[in-house]
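Chains A and B, in that order, give the protein sequences. To convert, take the position in the first sequence, counting from 1, and add 1; that gives my numbering. To convert, take the position in the second sequence, counting from 1, and add 34; that gives my numbering. Don't be surprised by glycine CBs; every beta carbon is placed ideally from N, CA and C.
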Amino acid sequence: MLTVENLIKQYGDFTAVDNVSFDASKGTVFGLLGPNGAGKSTTISCISGLLSPTSGHIRVDGADVVKDGKRAKRSLGIVPQEMAIYEDLPAVENLKYWGKAYGLRGAALGSRVSEVLDHIGLADRAKDMPKTFSGGMKRRLNFGCGIVHKPGLLLLDEPTVGVDPQSRQRLFEMVEAERDAGACVLYTTHYMEEAERLCDELAIIDHGKIIAKGTVGELKSQLAARDVLQLNGDFSEAGIKKVIESLTGRGISDLELISQEAGAVTLTLSSASRHLPAIFEAITSEGGSVTETSLRSPNLETLFLLLTGKELRE
Amino acid sequence: MSFLYASFRKDLARWRQDPLTALLWLGIPFLIGGLITAMVDGGDGASPTGILLIHDQDDSLLSGLVAGAYSQGQLGELISVEQVSLDEGTERINAGDASGFLVIPEGFTAAFLEEEPAVLTLKTNPSQTILPGIIQDVTEILLDLGFYAQALFGPEIEQIQNADSDVVPNDVFVAGIAVQIQGKIDTVSPHLFPLAFDIEIVEPPPTAPRPDIALLFLPGIVLMAILFSAQGLSADYWKEREAGTLRRLVSTPGLLSRFVYGKALAAAVVVGLLGCVTLTLGFLYHDVAWSKFVPSVAWVTIPGVGLFAWFSALQMLFPNQKSANLLTSILLFPLLMMGGSFFPLDVLPDWIAAIGRMSPNGFVVDRLTKELTSPTAWTYDAKSWAIVFGMTISGLAVCAWRLQTGFARR
């Protein structure tokens, strides 16, 4: 349904999207996971026709977004990060307007608008102005405007930013419903939990480049069930090197240093909790001390940390 | 076409939510127009008058004639004479409550008849500029008149003075005096009124009836409402951009040009309604021929949409909504001033009027003024209509281009 090939988007000397390629199929949710500024929204903007790619190709249902934009856009629905609704137009009129923008007419439009109002839980507020709605209701209407024409490809650009947990749950259900109805959903987020919950396939993106891609299971397997251990305290760079050599020599063979800053070190190893006493002892014997310990079991966030040496939300 | 209609209905429905703004667009021109009309047409027609206080110590026939001279003919429309006591007169003139205070001394008549000097005291109000001067000039003319009367008819006056005042003069005495006076007039007439040349009075060519001055303000006031609405509505592109709807629009197959034309059609309805309301009231008040109503509404609506389009295009050139609104607001007032909304173009200095007629609203005002004040039917001038259509279409094209080239995508 969606093919992105060697997509590059440059602003002068700055490359926002650097040779990104991926495919997404109908009936699946494809996630773009990455921190703020990683290039997710730029990628979405290129796919939706808001930005022209510097190079590369994007095809939606076989239609090239640049060369055959009108046909590509007919199959495309978007739910932007910020609201994109008319606050001074009744909810039902919002849906009708965007339906017409996508070419729906007459009875087909009327029945689809009714369906969407039911689907997003606003049937009883159809004639009310969105300016009188709660934040969650506006989010749902924003979502409804993106699916009113039953798009084959639905783009969701960080749709849960600033959304309360209840509305977030409702949104997840709506996304899953679209996927179950056969749509291809491209979902960008920097929340690992969302990606794990919703996405059938994922691409992890950082500095405009895809650094890992696959199903959630495949990506997790890259961690080889290793935990991530973060230690804060007083230790030198040379001291930590000796600690790692010492521990490796004592049989903790998969111990790996991910990052080290002043007073903080991040390590990865399997069964970390079992090895904690030995790690503390080694640090103490090298003259250091530990003031804070953080142990995380393997997940997408730790994978990102492993791949980039930094937190997903930095 | 359907998306154009959808955009038109959408904007009309949205703008209908804000009737207060439309009332302001109407209210300000009405307020200004009402004030101008009241100034030009209004009031009770009375000219400003001055007050001349007179204290007559002589209380004679002659002093009464002097006092009465200020109330004669057109002078009486300017000066109101009040007899007062010396104290009251002094107090009121000192308080600035009158234009002048004239004191006629006791023995004034006797001094006049005996050709002896007499002093009339005139005190004027320095805070007034024109009326005290008129009173002073009139007083001097009266004194000159008295001098010449004494010089010409001195013997006759003396005979009257010497007559017994308690006895009614007989017919022979009166007839004698009258004959003497007539004789002197006949003698001096050829010298005083020599007919040195004949005067041929040529009738000036008939001129067109001068239009009602307040009517000259009507086109400017109508265009003021149109300009306010065009500028106000043009901010909607920025509102849409801030609401994120323009970005969503770009990702749809709906054409941006149809979106622009839909918005322009909605603006045409608003501008047309404002034109209808202001012109209806103007036609009723000034009794303009109703056959000119429909072309007048069309004449202000089409360029109104053009002004909306150009204001919108200008707004979209700016990096933020605040500076865009500020610039168009600043631009509004020179357009109003030079385009004949505050003062009719005919009363502006020639060079300003020439510039004003080249401004889009001034062009419309000028033509509308000519049509409304002309006694003939509306003249359909193809060139003028082509200009306003051209301005409108080019403005809309610039809007569509600006949306396409980045404004909608940010």
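Within chain B, no residue has its beta carbon less than 7 Å from that of S112 (chain A); the closest one is some 17 Å off. Annotation for T407 (chain B): the continuous alpha helix (DSSP H) segment containing it runs P394 to T407. Straight across, the Cα-Cα distance linking V217 (chain A) with W272 (chain B) is about 42 Å.
Contact annotation, L406 (chain B) with L249 (chain B): C-beta distance approximately 6 Å; criterion of less than 8 Å satisfied. Using a CB distance below 7 Å, the part of the segment 47–76 of chain B facing chain A consists of A47, R48 and Q51, ordered along the chain. Of all alpha-carbon atoms in B:E140, B:G107, B:E150 and B:I88, the one lying nearest the alpha-carbon of L120 (chain B) is that of B:I88. In this structure, the straight-line span from the alpha carbon of L177 (chain B) to that of P160 (chain B) is close to 23 Å. Ranked by Cα distance from K417 (chain B), the first of B:A411, B:M425 and B:T410 is B:M425. Excluding its 5 nearest sequence neighbours in each direction, E159 (chain A) has C-beta neighbours in its own chain below 8 Å: K41, S42, Q82, T189, T190 and H191, listed in chain order. About 6 Å separates the beta carbons of T158 (chain B) and Q170 (chain B), which is inside the 8 Å limit, making them a contact pair. Sixteen is the threshold: when 16 or more other Cβ atoms of the shown chains lie within 10 Å of the Cβ of V398 (chain B), as they do, the residue is buried. R297 (chain A) is bridged by DSSP to A:V229. The C-beta separation of R282 (chain B) from A127 (chain A) comes to about 20 Å, leaving the pair out of contact by the 8 Å criterion. For S285 (chain B), the neighbours in chain A by C-beta distance under 7 Å run, in chain order, S49, G50, L51, K74, L77 and I79. DSSP lists A:L156 as the beta-bridge partner residues of I79 (chain A).
Annotated three-state conformation of F15 (chain A) is strand, per DSSP.
In the structure shown, the three-state DSSP call for L86 (chain B) is strand. The DSSP-derived three-state label of I241 (chain A) is helix. Taking 8 Å as the upper bound for CB-CB distance, R443 (chain B) and L156 (chain A) are not in contact here, some 15 Å apart. For S254 (chain A), the closest C-alpha among the options A:S237, A:L301, A:S135 and A:R227 is that of A:R227. L308 (chain B) and G67 (chain B) have their C-alpha atoms some 15 Å from each other. Using a Cβ-Cβ distance cut-off of 8 Å, the segment 340–355 of chain B and the segment 426–439 of chain B are in contact, since at least three pairs of beta carbons, one from each stretch, lie closer than that value. Between R297 (chain A) and L230 (chain A), the C-beta gap is smaller than 9 Å, which places the two residues in contact. Taking the Cβ atoms as the reference, L289 (chain B) lies roughly 7 Å from F37 (chain B), within the contact range of under 8 Å.
R113 (chain A) is positioned such that its CB atom lies closer than 9 Å to that of V149 (chain A). Close partners of R275 (chain A) in chain B (Cβ separation under 7 Å) are lacking, with about 51 Å as the shortest Cβ gap.
For D45 (chain B), the secondary structure class from DSSP, reduced to helix, strand or coil, is helix.
Straight-line spacing of the CA atoms in A209 (chain B) and A101 (chain B) works out to 29 Å. I121 (chain A) has a beta carbon lying at 9 Å or more from every beta carbon in chain B. Distances from the alpha-carbon of I59 (chain A) to those of A:G32, A:H120, A:P36 and A:S22 put A:S22 closest.
Annotation for L172 (chain A): R140, R141, F144, P160, T161 and V164 place their beta carbon closer than 8 Å to its own, counting only its chain and skipping 5 residues before and after. Rounded to whole angstroms, the separation of the alpha carbons of A283 (chain A) and V244 (chain A) is 6 Å.
Around the C-beta of L34 (chain A), 16 or more other C-beta atoms lie within 10 Å, and the residue is accordingly described as buried.
For R60 (chain A), the beta-bridge partners assigned by DSSP are A:T4 and A:D65. With its beta carbon less than 9 Å from one in chain A, S41 (chain B) belongs to the interface.
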